[in-house]
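A.B. asks: Numbered by our numbering, the letters in the sequence shown go through residues -6 to 288 in order.
Ideal placement from N, C-alpha and C gives every residue a C-beta, glycine not left out.
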Amino acid sequence: MPDLWANFRGDLRLFRCDPRDGVWQQVYRGYAHDPVCLPEGGYVVHRGAGLTLLDGQGAVVREVKIGRFSWGPPSLSVSPAGDTVAWVRWRGDDQRLCVEGVQPGRSAQFRTSVSRYAWLDSQTLIYIHGAHPRLLDIASGTTRRFGTGLRNHVRKGVAGATAQLQALAELPADQLWEFYDDLQVVGDNVWFSATLTEQRGSRRVDGLFRADVPGSHLNLVATMSPNDRVEGFFALPDRSALILVATYHGTTIVDRSQMAVGPMVEFLASGWFPLLNSNQAEFGFHRLPGPSAGD
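1) Kindly indicate which residue of Gly15, Ala52 and Glu33 has the alpha-carbon position closest to the one of Gly23.
2) Please state whether the Cβ-Cβ distance between Ile121 and Leu176 is less than 7 Å.
3) Would Cys91 pass as an interface residue toward chain B - the criterion being a Cβ-Cβ separation below 7 Å?
4) Straight-line CA distance for Ser285 to Phe266?
5) For the candidate residues Val107, Thr245, Ala228 and Thr77, whose alpha-carbon lies nearest to that of Ser115?
6) Can you grab the Cα-Cα spacing for the pair Pro67 / His242, in whole Å?
7) Can you name the start and end residues of the alpha helix (DSSP H) that Asp147 belongs to?
8) Quick one: complete beta strand (DSSP E) runs, 3+ long, within the segment 239 to 270?
9) If Leu44 and Val29 are in contact, beta carbons under 8 Å, what's the gap, nearest whole angstrom?
10) Note down the Cα distance separating Asp288 from Asp248, rounded to an integer number of angstroms.
11) With Trp80 and His39 assumed to form a contact (beta carbons below 8 Å), what rounded beta-carbon distance in angstroms separates them?
12) So, helix, strand or coil for Gln177, using DSSP?
13) If Ala152 sits next to Glu171, beta carbons under 8 Å apart, how far is it from one beta carbon to the other, in whole angstroms?
14) Within the same chain, show all residues whose beta-carbon is closer than 7 Å to that of Ile59, passing over the 5 residues directly before and after it, in chain order.
Here is the structure:
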């Protein structure tokens, strides 16, 4: 296993399993971090110092050399059209968005830093860095804001908004902080977790929100109890979601749990755990619920 403190990157290999017989087969013997599948049957893996593109049998088709090994999660994902791979290049604590064409020709590292990103469509990435989600055009590198910001959305009207969220949004903008965390695009919806909190008071709302693709309409899907925070979530095409909840005592997580919303709430609550597909980036966190911090 990788060990950051020992400066040992581990020995990560690429395997696949045929669900018909349950047999695992090693596809590629080289270092394979954060693999994603391509529509035509190939794979892309991160090897620490760049990307390796493989065919369906695991043979190397092309290597993209970037630099020395980085410990940050590369967070690979494939565009909806299947022709472009997005990933994150770490330089210290700085996370830069990069794209690489499956076929040679498109390769770019953008100036913007990100904490989360997702494909809005095959030419546009939505990302979080700073106060508000933004959109990045991968052809031109230009960016623009997504939506109007949580406070402004609530003041205009958000479906399902609670009285406390509405009251917070009525405060002047310089008396509030907005924080955005996890982000997913599923079907015709943009999902994100966000917090609106009073700068000089105890009032805050931490919740899961769902927007349309233009960013003009916003729904509050779920809110957390005062000591709970959305640690992550998995959204599904039917607008169901499994929410991973962290309970805090001060700044310490003392418990983790799950909650489900939407049409599949009973199914998800019975123990099913959704998996991300290759169009969705994984940001390196193991979000399975565990025992409380005191155990």
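C.D. replies: Once the coordinates are examined:
1) Ala52
2) yes
3) Structure shown: chain B not included; a single protein chain is present.
4) Residue placement at Ser285 is poorly supported in this model, since its pLDDT is 40, which falls under 50; the coordinates are not used for a value here.
5) Thr77
6) 31 Å
7) A quick correction: the sequence has Val, not Asp, at residue 147. Run containing Val147: Leu143 to Lys149, per the alpha helix (DSSP H) assignment.
8) If only uninterrupted beta strand (DSSP E) runs of at least 3 residues are considered, those enclosed by the segment 239 to 270 are 245 to 254.
9) That pair is no contact at about 10 Å.
10) With a pLDDT of only 43 at Asp288, under the threshold of 50, the placement of this residue in the model should not be trusted, and no figure is reported.
11) Right, their Cβ atoms sit about 7 Å apart.
12) strand
13) That pair is no contact at about 19 Å.
14) The residues are Ala42, Gly43 and Arg82.
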